[in-house]
Every structure is written in structure tokens, then in C-alpha cells.
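Visitor: Numbering (full-length UniProt numbering), first residue to last: 1 to 319.
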Amino acid sequence: MKISFVIVAKNVKKFIGSCLESVHETATDLAPLGVESEIIVVDNASSDQTAEAAKSACAEISLIRNTGDKGFAAAANQAIQASSGDLVFFVAPQVALEAGSARRLLDYMETNTSCGIAGGRIVDQKGFGLRGARRLPGCISKFVSAFGIPCRCKGKATQPKEVPAVTFAFAVVRKALFCNIGKLDDRFFGGFADMDLCRRARKALNPVWKVAFVPQASAKVVDKFAMKDEPADFSLYGAGVVRARIRSEQLYFWKHYCPFTVFFFAVVDIAAHAVRFGINLLPKIGSADKRAYHCTVVRETASAMLDTQLGSQFPTTPW
1 MKISFVIVAK NVKKFIGSCL ESVHETATDL APLGVESEII VVDNASSDQT AEAAKSACAE
61 ISLIRNTGDK GFAAAANQAI QASSGDLVFF VAPQVALEAG SARRLLDYME TNTSCGIAGG
121 RIVDQKGFGL RGARRLPGCI SKFVSAFGIP CRCKGKATQP KEVPAVTFAF AVVRKALFCN
181 IGKLDDRFFG GFADMDLCRR ARKALNPVWK VAFVPQASAK VVDKFAMKDE PADFSLYGAG
241 VVRARIRSEQ LYFWKHYCPF TVFFFAVVDI AAHAVRFGIN LLPKIGSADK RAYHCTVVRE
301 TASAMLDTQL GSQFPTTPW
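1. What are the partner residues of residue 131, as DSSP defines its beta bridges?
2. Using 8 Å for Cβ pairs, my map puts residue 120 next to residue 201. What's the rounded Cβ distance?
3. Using the three-state DSSP reduction, which class does residue 264 fall into: helix, strand or coil?
4. Please check the pair residue 198 and residue 164, which I expect to be a contact at CB under 8 Å, by giving their CB distance rounded to whole angstroms.
5. Put residue 197 into one of helix, strand or coil per three-state DSSP.
6. For residue 118 and residue 177, what's the separation of their Cα atoms in angstroms?
7. Between the Cα of residue 269 and the Cα atoms of 302, 45, 137, 86, which residue gives the shortest distance?
8. Just mark residue 133 as buried or exposed, buried being the case when its beta carbon has 16 or more other beta carbons within 10 Å.
9. Tell me which residues share the same chain as residue 69 and place their Cβ nearer than 8 Å to its Cβ, disregarding the 5 neighbours each side in the sequence.
10. Assign residue 191 to one of two classes, buried (16 or more other C-beta atoms within 10 Å of its C-beta) or exposed (fewer than that).
11. Using CA coordinates, which residue listed in 180, 249, 281 is at the minimum distance from residue 266?
12. When you compare the CB positions of residue 169 and residue 74, do they come within less than 7 Å of one another, or not?
13. How big is the Cα-Cα spacing for residue 390 and residue 313?
14. Find the nearest neighbour of residue 207 within the set 304, 214, 76, 113, judged by alpha-carbon distance.
15. DSSP puts residue 162 in a beta bridge; with which residues?
16. Over what stretch of residues does the alpha helix (DSSP H) that includes residue 102 continue unbroken?
17. Can you tell me which residues form a DSSP beta bridge with residue 90?
18. If we ignore side chains and look at the alpha-carbon of each, how far apart do residue 26 and residue 230 end up?
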């Protein structure tokens, strides 16, 4: 069997070395089992010499350099096209694979041939879970996120189980699934490409594909500031983080629901974040950073709606 590790990177010079070191160690550990590995890194026009750092950390990688930022989905598709593995492992550049984790995903896929996508846990430096199994975006999740309502899944998975979706920060996909339902949707520039593929996989009928979460497989973030929530990323990287998420989210709802859904949730977003902006104007409990974030969400949501004629039309290229 041959597997392909895919890493899409942009301006992650300080992370990429640790990530590649863990992936290379994983490939070395799997070799005695008869598993051949390849590592493909796609650099999305980094300005901090990420590509050079990647090549320095692991000379055996196949490096694809883009002259512009194509977004995650389009860049990942480049790697998928170039890959020759039976299984494609997606690894975020901000994480390091923990010993034995890739093998656990591999074993699960070999045992469960109807599983098309399997994901592991993303944990922080203390071992607490950050990401893993996910719900597909819908009405409840949208209201929860818009109004900032705390939401926790009941219980903690200790055994592999079928789930609606998994994060592609650490996940494996059968090459056969891509041949069956197509690769990632290039239009998802800033997220939701994994949710879209999981949804499409679960809706496929011939063959029927399953999505699974394998909690025994884990990857650890290499920096305490990596993979924070959106407000924290906004403070570090600016409005582009919010813009990319909003546009990809609206595209997801337009693609899987209807234009009215896009319009309705945009109104919910604007109203919710306007209220939260007002709350943060109050003395003592207000925060300038939170005001800036909520204001940006309102502005970018309105801008996206105008660009898509109130959510009725979306571009055919990464947006």
C-alpha cells in the first residue's frame, strides 16, 4: 500500500519544521509494515520563506509552489492530483502527528472498507481536545455561533464511531472516494471544504461512504497560539480571516440549502454581531478588541451579500 501526506501551507515557517519532522517519522515507522509514503507540500505564495524551511526540514518532500494564494481547497487539489497513494492524509502545518496515530487511522481504514473519510483528534500542548468530530453546519450551529452560545458535545468518544464530519487538520481520505464524487470544491477558499466533502460523501449512494472519528489517533498543535478560535485569529491576522470564513460559509449554505437560507443566516449574523457590538460598548464589561471583531463580521457579511446579489449567485472560482 502507498499513502500520500498532503500539507497546505502559507506563512507557517515557524511550524512547518516540527510538522514535517513528525510526518517523516511516521513514514519511517510505517515502512517496515510495507507501507510506502510520499509527502507533498503545497506552498500558497508564502512571504516568510515557508517553502525553503519545508525543504530544509525534509529534503524528500515534493514541493509545489504557487505564485498566488489559491486557498486551501484548490491547493489541496493540486496535491491530490500529484499524489499516487491509495490513501491521502491531510495534515495541517500547525500540528505534529503523535506516535502511532497515522497507523491507527490506517488500520481503521483497512478494517472498515466502507469508510471513505476518517479523522483524528487535534489536541493542545496539554492534551486537551481542540478539534475532531464535527456537526455539519445547519440552523442550530449557525444560531449558536452567531450569538456566542457555549456548546459542548455530550460525552467524550473513546472508541471509533461514525460521525457527520471531521476536521481535515488531521484526516485520511480514500483516493477512490475522490474518483467517485470528485475532489474538494475549489471555490471554498477559507474553510468549509472539509465539511462540504464529508456531506457529499455521506450523500453518495453508489457506493455508500461513511465518515468516522478515531479518537485514538491524535495530532498536537506545535504552538499555543495555533488553531485558536476566530476572534483570536482576527486579533493576530486581521479581517482576512473573517472575510474568508464568511464567504466560504455562505457558499456552503447556498450550495447545500438555498439562496433564501444564505440571506436569512446573513441577517442573523448581522443582527447577532450588532447586538454583541453594542454589549461591548458598555463600560467595565466591554472590550475594544471584541468591538472591532463584531464590527468586522457585520461589515464583511454585508459586503459578501452585496457581491452575491443577496446570496443568489456565487462565483465559479475561489472566492
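The beta-carbon is built from N, C-alpha and C at its ideal position, and this holds for glycine as well.
Guide: Here's the rundown:
1. 122
2. That belief does not hold up - the Cβ atoms of residue 120 and residue 201 are roughly 17 Å apart, past 8 Å.
3. helix
4. 7 Å
5. Correct three-state label for residue 197: helix.
6. 12 Å
7. 302
8. buried
9. Closer than 8 Å at the Cβ level, and outside the excluded window around residue 69, lie 10, 44, 45.
10. buried
11. 249
12. no
13. In the structure displayed, the chain extends from 1 to 319; residue 390 sits before or after that span and is not available.
14. 113
15. 212, per the DSSP bridge assignment.
16. 101-111
17. 6, 171
18. A direct Cα-to-Cα measurement between residue 26 and residue 230 gives close to 30 Å.
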